[in-house]
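Here is the structure we will look at, set down as structure tokens.
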Amino acid sequence: MSFMRKFLFTLLLLTLLTACGNNTTKTTQAPPTPTTNTTTKSFTLSTKQKETLTSFFQYFNEGNYEKMKDFCSKDYVNDFFHKNDVFGFKTAKLLSYDETNIITHDKEYWIPISLKGEPTEDSSSYDKNSKFVEVSYYVILEQQTNGKWLVTNITSG
Numbered sequence: 081m082s083f084m085r086k087f088l089f090t091l092l093l094l095t096l097l098t099a100c101g102n103n104t105t106k107t108t109q110a111p112p113t114p115t116t117n118t119t120t121k122s123f124t125l126s127t128k129q130k131e132t133l134t135s136f137f138q139y140f141n142e143g144n145y146e147k148m149k150d151f152c153s154k155d156y157v158n159d160f161f162h163k164n165d166v167f168g169f170k171t172a173k174l175l176s177y178d179e180t181n182i183i184t185h186d187k188e189y190w191i192p193i194s195l196k197g198e199p200t201e202d203s204s205s206y207d208k209n210s211k212f213v214e215v216s217y218y219v220i221l222e223q224q225t226n227g228k229w230l231v232t233n234i235t236s237g
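Quick note, this note's numbering runs 80 ahead of the 1-based positions in the sequence shown.
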């Protein structure tokens, strides 16, 4: 291979590696599962964490989006609250949460949950054969500087 061909090949390879390594596409639907500084723990959630989680879903089950906002970060409200749904669901009932597989990442607590909800027609969870679906997600709670715990995201992982 001539010097020029080797040079062009190397330049092309570096360009491809650089382009693949600098993906800056932002998604607000589901943050990636944390891969660094993470720990999976089994422990009992604090009273404040449980209150945030259960209150959020109590109001979600009632379709009371305004009261739900009290338990969410501003970014979550801006990204996922719509006129007739939150996170693609009209209503959602918390069926269970798993304290044996909580993932901690920095200040975030990724809590595995199961819910039964009524998805909107444009939701990825929509099933034309069933008004309600049961799905599993992670609810991400983060403690704020004032000590309050808020839902900052819901993700499939």
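Here a beta-carbon is modelled for each residue, glycine too, at the ideal position from N, C-alpha and C.
query, result
"Given this structure, state the Cα-to-Cα distance separating P112 from H185, to the nearest angstrom.", "For P112, the predicted model reports a pLDDT of 47, less than 50, meaning its position is unreliable; a value from the coordinates is still stated below. Straight-line Cα distance between these residues: approximately 12 Å."
"What are the boundary residues of the beta strand (DSSP E) that F160 is part of?", "Run containing F160: none in the beta strand (DSSP E); it sits in the alpha helix (DSSP H), 154-160."
"Take Y145 and list the residues in its own chain whose beta-carbon comes closer than 8 Å to its own, dropping the five residues that flank it on each side.", "Y139, F161, V166"
"With a Cβ-Cβ cutoff of 8 Å, do S205 and V213 count as a contact?", "yes"
"Give the C-beta separation of L230 and F123 to the nearest angstrom, bearing in mind that I take them to be a contact with Cβ-Cβ under 8 Å.", "That belief does not hold up - the Cβ atoms of L230 and F123 are roughly 20 Å apart, past 8 Å."
"On a CA-only basis, which of K187, T232, Q223, I234 is nearest T127? Give me that one, please.", "Q223"
"Would the beta-carbon of G197 fall within 8 Å of that of K173?", "yes"
"Let me confirm a value: N233 is counted as buried when at least 16 other C-beta atoms fall within 10 Å, else exposed. Which label applies?", "buried"
"What does DSSP give as the partner residue(s) for T124 in the beta ladder?", "DSSP output for T124 lists no bridge partner at all."
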